[in-house]
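Oh and the sequence shown: position 55 is 58 in the numbering used here, straight run, nothing missing. Beta carbons are placed, not taken as given, at the ideal position from N, Cα and C, and that holds for glycine. It should be emphasised that the depicted structure is a prediction, and the values quoted were computed from it without experimental measurement. Presented below is the structure to which this report refers.
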Amino acid sequence: ARLVVLVSGSGTNLQALLDAIAADPDGYGATVVAVGADRTGIAGLERAERAGVETFVCRVGAYGTRAEWDRALTEATAAYEPDLVVSAGFMKIVGPEFLARFGGRIVNTHPALLPSFPGAHGVRDALAYGAKVTGCTVHFVDDGVDTGPIIAQGVVEVRDEDEEDGGTALHERIKEVERRLLVDVVGRLARHGYRIEGRKVRIP
Ligand code: GRF
């Protein structure tokens with residue numbers, strides 16, 4: 004399967020995918036054909052370049068309207084003819100044109116146990132709420148924010164000392180689980196295909 008991976012930051016989830024593919028290029032079932040970002044100067048783009056993967060950047064500020072950005076992101080992504088789009092720490096909500104083009108084929112990873120704590124601050128929100136466990140969710144993207152059908156989840160304990168650093172250590176522990184979950188899910192979707200039936204995802 005052809006993957007386009009979208010990033011906005013350090014790209015450790017992207018790196019986990021690149022490493023899994025490099026470790027088993029024939030067996031993993033997917034290749035990263037391009038990495039897209041909403042900003043320049045991030046480690047995620049450097050990781051792609053080091054791996055010899057083409058990159059593209061669509062900055063919202065470079066377009067007059069959000070709809071024009073949505074179109075540009077859609078066209079830049081479509082140029083690589085992806086089978087799956089993987090949003091791995093991509094911090095923008097994709098628009099209606101992107102969803103119309105790739106809906107049902109966009110996988111996102113979120114650092115909380117959806118439906119709890121959706122949005123851009125899931126780790127911090129779980130900590131502030133006093134949750135005793137949190138974790139990460141890999142799901143298909145629909146027209147909501149972190150509301151699409153759930154594919155897999157991983158649980159991470161919240162520790163008392165997590166209060167002290169505003170969630171940084173907790174997020175790192177979540178990312179350790181998240182990277183493994185994302186690599187496992189993307190590989191299975193790529194190798195076995197899948198069906199989305201309402202809120203359920205079936206992987207034969
Ligand atoms: C991940 O935890 C992702 O779920 C969240 O931001 C983090 C991105 O990490 N949205 P990275 O860029 O993959 O290292």
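The beta carbon of Leu-185 is closer than 6 Å to those of Asn-16, Thr-112, Val-141 in its chain, skipping five residues each way along the sequence. A residue is called buried when at least 16 other Cβ atoms come within 10 angstroms of its Cβ; Gly-92 meets this threshold and is buried. Shortest Cα-Cα distance from Ala-134 to any of Ile-154, Val-148, Val-158, Asp-149 involves Val-158. Residue state for Lys-178 is assigned as helix, using DSSP reduced to three classes. If the five residues before and after Leu-6 are omitted, its C-beta is found closer than 8 Å to the C-beta atoms of Leu-20, Ala-33, Thr-34, Val-35, Val-36, Pro-85, Asp-86, Leu-87, Val-88, Val-89, Val-189, Ala-193, all from its own chain and listed in chain order.
As summarised for the segment 56-118, the continuous alpha helix (DSSP H) elements at least 4 residues long and confined to that stretch are 69-81, 99-105, given in chain order.
Contact between the segment 195-205 and the segment 158-178 is not established, with fewer than three Cβ pairs separated by less than 8 Å. Per DSSP, Thr-15 is one residue of the alpha helix (DSSP H) stretching across 15-26. For His-142, the pairing in a beta bridge is given by DSSP as Asn-111, Ile-153. DSSP places Val-36 in the uninterrupted beta strand (DSSP E) bounded by 34-40. In this structure, Ala-51 lies away from Cys-61, with their beta-carbon atoms at least 7 Å apart. Cβ-Cβ distances below 7 Å link Ile-96 to Val-148 in the same chain, with the five nearest sequence neighbours on each side left out; the list follows chain order. In this structure, the CA atom of Asp-22 is about 22 Å from the CA atom of Gly-196. Residue environment analysis places Asp-41 among the buried positions, since at least 16 neighbouring C-beta atoms fall within 10 angstroms of its C-beta.
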